[in-house]
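Here is the structure we will look at, set down as C-alpha cells.
Protein chains in written order, with UniProt numbering: chain D, 1 to 272; chain R, 1 to 274.
Structure, rendered in C-alpha cells:
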C-alpha cells in the first residue's frame, strides 16, 4: 500500500482490539425478539432536520437510532472540464463513512464499498431530479455517515433527497428508501448492523434464502427508482419483500414531507 | 441594499459596523459565538465529541487499535491526529487528498498533543516491546464557518476525556492477545489545553473567534493555546505585526477563555452518564 504523505500516519499495521475478544454472535435460527426490542416488522424511529450546514445550498441530517448521516448539496455550479459539456445537468454523489463510524476502523480514502454506495445513491436519485432544467451545470451531493448501524444506503438516499429538495433543486418527487433483511422464513425490517452481519455470515443453508433488499420509491408518483438486492433470494421472496419495502416507504413519506414543510416555513419566517 | 453593498465592498461593509464597535452578527469585538458541546455522541468510537462554535461544526472520533511499538521506543504508544476538511463542509473544498490547510491543522493538533503533554505516551503501552495502543484521532469538519482551529482543539480534548479503552492482556509465554470488552478503563488526560484565535482587521482592530467572512478579510491572525492559567504555545503565521499591548491583551483573553472552556468541558462530562 502506498503511504499517504499528506496525512499523519501511525504504525504500519494495527488492528482492532475486538479481534481478540470472544465474539458474541447473534443466533438467527431461534430468534424470538430482536436485540433492540423491536418486533420483526417494526421500523426504527426516523429523525430528520434540514439546514445543518450553513455553507451549503441545501443540507440535511438523518438519524435512525444509531445510524446517523449528514448530507450537503452544492450547486448548480459550472462544469469545470470543457469536455464534460452536456445540455442535461449532471448529478454527482460522494458517499463516505467517517473512519470511526463502524466497529472496524475505516480508511480515509474512499474504498470500493463506498464507491459502490455512491453510485447506488446517485442512481436512486437521478430519476427524481429534473436535470433538463440545469443545462451545462452540475449539482454535487456529499454524504457522510457519522455512525453506521445498518441501512446506510436507505438513510443516505432519504437524507440526500431531502437535502436536494431543501436546496430548491427542481424535483418530480422526494425519494424514500427502506430495507429488509431476509434469512430463511425470518424477515427483519430496517435491520441493524448486527443483524445485517449475522445474515451475511450465516453459514447454515436456509432454503437458499438469505440476503437483503433495499427499495427506493417515489411515493407521489408511485414509482420505484432503485432496487438493490444482496445474497440469494428466490423470486417469490424477493417480490413479497419488495412490496413490503414499498409499504414501509409509504409510511416514512409523511416524516420527510413534514420536515420539508417545516424547512419552508422557517424560510418564510426568516424573510419577513 | 445591504446585501449588495456587502457583496461589492465587503471591507467597507465591515468597517461601517466596526465603527460602532459591533460585528455584522451582533457580536462585540471580544465576544465568542455560542459554544455547544456534545460528548460521547458516537458509540462506535472509543471516544467522541461534537463541537459547534456558532455555525462551525467539528466532530471528533477516536478509534483505538493495537500495534507493535517502535523498536527505539518500546514503552510508548501512538497518537495519530488527522483533520479532514471534507467537500461537504464548504464549497471551496474539493474531493481528493487533504489540502494544505487540512495538513497544517493536522500538524497543529499533533504539536498541541506533544507540547501540552496532556497524554503520557507510556500510559498507552500494554506490554513493553510487544503491544501498544494506537489512538487514531479523526476530526471531521461538518460546517466550515471560520475558526476551525479553536473548534478542533475543543473537540479533540473533549473526545480524549471521553475515551475509555477495553482491557487487553498479553500472555507472557504464548504471546497470545486477549481482550475483555466488559472492563473499560478511562484514558488519563492530565490537562485541558484550549486555543483562542484572533484576527487582525485593517491592521489594527483585533477580533476574537472570527467567522469565515471575517477570516477572508483578515490582514493577520494569531492563535494562543493556554491550559488553566498557563501558556502552552503561540502561533502567529505572519501578517500584521502586533504591538506589546495587543499581545498582552490577547494572552489575557486567551487565559480567561481557557478557564471558561475547561469548565464547560467539565460540566458536560459530568452531565453524561458514561
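For each residue, glycine too, the CB sits at the ideal point set by N, CA and C.
| Item | Value |
| --- | --- |
| How about residue 106/R: is its C-beta nearer than 8 Å to some C-beta of chain D? | yes |
| For residue 189/R, does the three-state DSSP call read helix, strand or coil? | coil |
| With DSSP run on the structure shown, which of helix, strand or coil describes residue 55/R? | coil |
| From 181/R, 253/R and 130/R, pick the residue whose C-alpha is nearest to that of residue 29/R; which is it? | 253/R |
| Tell me where the alpha helix (DSSP H) around residue 109/R begins and ends. | 100-116 |
| Tell me, please, whether the CB atom of residue 259/R is closer than 8 Å to any CB atom in chain D? | no |
| What are the boundary residues of the beta strand (DSSP E) that includes residue 218/D? | 210-218 |
| Does residue 145/D come within less than 8 Å of chain R when only Cβ atoms are used? | no |
| Check this for me: beta carbons of residue 68/R and residue 11/R, under 8 Å apart or not? | no |
| Since residue 241/D is in the alpha helix (DSSP H), which residue starts that stretch and which ends it? | 235-271 |
| Considering only residues of the UniProt domain "Exoribonuclease phosphorolytic" (42-170) of chain D, which uninterrupted beta strand (DSSP E) runs meet the minimum length of 3 residues and lie entirely inside it, listed in chain order? | 46-50, 58-64, 67-78, 90-97 and 137-147 |
| Would you kindly work out how many angstroms separate the C-alpha atoms of residue 44/R and residue 66/D, rounded to a whole number? | 9 Å |
| At a CB-CB cut-off below 9 Å, which residues of chain D make contact with residue 177/R? | 17, 19 and 20 |
| DSSP state of residue 2/R, grouped into three classes? | helix |
| Is it buried or exposed for residue 209/D, if we count other Cβ within 10 angstroms and need 16 for buried? | buried |
| Between residue 235/R and chain D, is there a C-beta pair that is closer than 8 Å? | no |
| With a threshold of 7 Å (Cβ to nearest heavy atom), would residue 101/R be considered close to the ligand ATP? | Looking for the ligand ATP in the displayed structure turns up nothing, as the structure carries no ligands at all. |
| Starting from residue 127/R, follow the alpha helix (DSSP H) in both directions and report where the run begins and ends. | No alpha helix (DSSP H) contains residue 127/R, which is instead part of the beta strand (DSSP E) from 125-127. |
| For residue 142/D, would you say it is in contact with chain R, using Cβ-to-Cβ distances shorter than 8 Å as the test? | yes |
| Tell me, to the nearest whole angstrom, how far the beta carbon of residue 60/R is from that of residue 137/R; I am working on the premise that it is less than 8 Å. | 7 Å |
| Mark residue 147/D as exposed unless 16 or more other C-beta atoms lie within 10 angstroms of its C-beta, in which case mark it buried. | buried |
| Touch check for the stretch 185-197 of chain D and the stretch 39-52 of chain D: three-plus C-beta pairs under 8 Å? | yes |
| Which same chain residues, not among the five before or five after residue 154/D, have their C-beta less than 7 Å away from its C-beta? | 177, 178, 179 and 214 |
| Using DSSP bridges, identify the partner residues of residue 200/R. | 206/R and 220/R |
| With a threshold of 8 Å between beta-carbons, can residue 74/D be considered close to chain R, or not? | yes |
| Below 8 Å, can you find three or more Cβ-Cβ pairs linking the stretch 178-191 of chain R to the stretch 206-218 of chain R? | no |
| Mind the definition here: the stretch 43-58 of chain D touches the stretch 67-81 of chain D only if three or more C-beta pairs lie below 8 Å; say whether that holds. | yes |
| Got a sec: is the Cβ-Cβ distance from residue 274/R to anything in chain D below 8 Å? | Note on residue 274/R: pLDDT 48, under 50, position unreliable in the model; no value is reported. |
| Chain R beta carbons: is any one of them nearer than 8 Å to that of residue 164/D? | no |
| Identify every residue that forms a DSSP beta bridge with residue 138/R. | 61/R and 82/R |
| How long is the line joining the alpha carbons of residue 247/D and residue 163/R, rounded to whole angstroms? | 42 Å |
| Taking 8 Å as the CB-CB limit, is residue 55/R close to chain D? | yes |
| In chain R, which residues lie less than 8 Å from residue 54/D when you measure between Cβ atoms? | 55, 143 and 145 |
| Looking only at C-alpha atoms, which of 59/D, 56/D, 80/D and 254/D sits nearest to residue 173/D? | 254/D |
| Using the beta-carbon count (16 or more within 10 Å), is residue 273/D buried or exposed? | No answer is possible for residue 273/D: the residues shown for chain D start at 1 and end at 272. |
| Spell out whether any CB of chain R is found under 8 Å from the CB atom of residue 11/D. | yes |
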